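Chains as they are written, first to last, in my numbering: chain D, 945 to 1207; chain U, 122 to 391. Just below is one structure, and these are the notes that go with it.
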Amino acid sequence: MTDAVLSIRKASKTFGARRALDAVSLDVRKGEMIALIGPSGSGKSTLLRSISGLQTIDGGEGVIQAFGDPVQEHGRISGGVRKTRTRIGFIAQQFNLVGRISLFTNVALGSLGRIEAWRGFFGLWPEETKTAAMAALVRVGVADYAAQRANTLSGGQQQRGAIARALVQKAKIILADEPVASLDPVAARKVMESLRDLNKQDGLTVIVTLHQVDYALRYCERVVALKAGKIVYDGPASGLKTSQLIDIYGPEFEDVFWEGAPQ
Amino acid sequence: MTTVQPAAAEIPRPPQRTLVQRAPDILIWGAVIAVLLFSVGPVNIGHFTKLFSNAENMREFAKDFVHPKWDLLPLYIQQMILTIQIAMWGTALAVLIAIPFGLACARNVSPVWLQQPMRLLMNLLRSIPDLVVGTLFIVAVGLGPFAGVMALALNTGGVLAKLFSEAVESIDKGPVEGVRATGATKLHEVIWGVIPQVGPLWTSYALYRFESNSRSATVLGLIGAGGIGQLLFETLNAFDYQHLSAIVIVIIVAVTLIDLLSQLMRSRLL
């Protein structure tokens, strides 16, 4: 596959006695929008955090590569991870914006990986960063709040700010870890629509972990389901059957549909 | 109407702590009382009767105290300002010391090989009394305020480094990871992820130490570090209680003002 952007081979991660990831292998092609679903503790977040090198996987044969460069192997984060990270935007459930600085500055931080380090130290953003930051804020619809401190904004506004930061980063892949879990349904839809828009318009590869299976089915073409650290389904969203959902989530699988289970 | 009351025999007894459960309490309180009793002799508790038999002396002392002499007030104010200047410079240098060392002591920012020696060093700075450090600097730079500044800077630097590092250890790691995920360097993570989170707390700690340093700077006068403290001890040694009283009042007013001002600033920060 020439258009593969992510390649995960036999990634395992153990926390104490618990196996969060159990020899997970996954290939992601450019421009895909993938939902990662599964019950709490199934390893969704662990997988995303490992792809971004925010967390190590167990030593051994596990390898994670992005754009053909290693992110980590043999249980060690690769030395060149910083360069790779600039091309991977990471969106977290708790937004991970810096609360006391302005939304604009938070978004401008996205350029830290490509501007001169000293400019980054003092916040002397080059003109290119400033334009990119404002354009990104307009794109996700929160430009009006650019001057406000991030912690004065609502959850949905902050999450769209986080997406803007990934845009300024010029990320080619966006990893979104439960991006809508702390949002109300209206804000959640806006965030999901922003992500889908980036996928469709800009051809970004998006991997999003979701608790809400209906969101996964509505916004993503490919669904990967994890259960106890193993991939139990990998295929088109349309192919996911109720019997498989029961297998993944147990008999109370309706609970994972936010806006009602399909009949 | 019949309510179902359990028979008296069925009602369980309220929980009671056994002697074994109470033993630690009894032991601790017993030990505290024993130590206090043992210390009666060494601290001359028996002398408390002198509070009454020597009441005349105290009255004499107090009489001078309620009649402060204000003829040297301009000098006192000038020296008080000098003391505050010592405290300000001492605290400012301490903050400069504490920022890098505080970060170097923090478990979640600095690697273990750096953290442990830095913690030891800061412990050392903290545990040497500023009077001793001050004496050392008087030997080095001579009598005067600069020795006081250095003494405060080192001691407070050690204290602030510890407080700063504890603030850093309690931050939310989410924003730091947010910055890291953009491909930023470690220093960028600290500047944009850590410092904005601890800024208000750090400032608050620094202001608080400035408050206590303006008191410490007074005491440093004892070893000849200048300022109002030196005047205080000279006057005390001359048994000139009327002037002493005036000096004490100047100190109380100044320290209270600084406390108020700094509390005001701190409450706006957090």
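Using N, Cα and C, we set each Cβ at its ideal position, and we do this for glycine too. Note that the coordinates shown come from a computational prediction; the quantities given were computed from them, not determined experimentally.
Residues of chain U whose Cβ lies closer than 8 Å to the Cβ of K1027(D) are, in chain order, G304. Residue state for K1185(D) is assigned as coil, using DSSP reduced to three classes. Excluding residues up to 5 positions away in sequence, A1169, V1176 and Y1177 lie with their Cβ nearer than 8 Å to the Cβ of Q1188(D) in the same chain. Residues of chain U whose Cβ lies closer than 7 Å to the Cβ of N1040(D) are, in chain order, G295, P296, E298 and G299. Per the coordinates, the alpha-carbon of D1002(D) lies some 22 Å from the alpha-carbon of F1034(D).
The DSSP-derived three-state label of D1121(D) is strand. By the C-beta density criterion, T356(U) is buried, having at least 16 other C-beta atoms within 10 angstroms. About 6 Å separates the beta carbon of A346(U) from that of G255(U), a gap short enough to meet the 8 Å contact definition. Here V1086(D) carries a coil assignment [DSSP, helix/strand/coil].
Closer than 8 Å to the CB of I292(U) there is not a single CB belonging to chain D. As the crow flies, the alpha-carbon of R962(D) is around 12 Å from that of T990(D). Taking a C-beta distance under 8 Å as the contact criterion, G1179(D) and G304(U) do not qualify as a contact pair. Annotation for Y197(U): I368 and V371 place their beta carbon closer than 6 Å to its own, counting only its chain and skipping 5 residues before and after. Assigned with DSSP and collapsed to three states, K1174(D) falls in strand.
Chain-ordered, the chain U residues with CB closer than 7 Å to the CB of S996(D) read A302. Nearest to S951(D) by C-alpha distance, out of G960(D), A964(D), K957(D) and V968(D), is V968(D). Contact with chain D is found for I312(U), since one of that chain's Cβ atoms lies less than 8 Å from the residue's Cβ. Listed in chain order, the non-local C-beta contacts of K190(U) below 7 Å within the same chain comprise Q363, H364 and A367, local neighbours out to five positions each way being set aside. Scanning chain D for C-beta atoms nearer than 8 Å to the C-beta of L308(U) yields A1061 and F1065, reported in chain order. V972(D) has its alpha-carbon roughly 32 Å from the corresponding atom of A1061(D).
Put simply, the backbone Cα of E332(U) is about 53 Å away from that of E1137(D). By a beta-carbon distance limit of 8 Å, P296(U) contacts L1041(D). Their separation comes to about 6 Å.
The beta carbons of L1148(D) and K1116(D) sit about 6 Å from each other, so the pair counts as a contact at 8 Å.
Taking a beta-carbon distance threshold of 8 Å, Q318(U) counts as an interface residue toward chain D.
The shortest CA-to-CA distance from A1052(D) to any of H1155(D), T958(D) and W1069(D) is the one to W1069(D). Taking Q200(U) as the centre and dropping the five residues before and after it, the same chain places the C-beta of G348, I349 and L352 closer than 7 Å to its C-beta, in chain order. Collapsing the DSSP output to three states places D1002(D) in coil.
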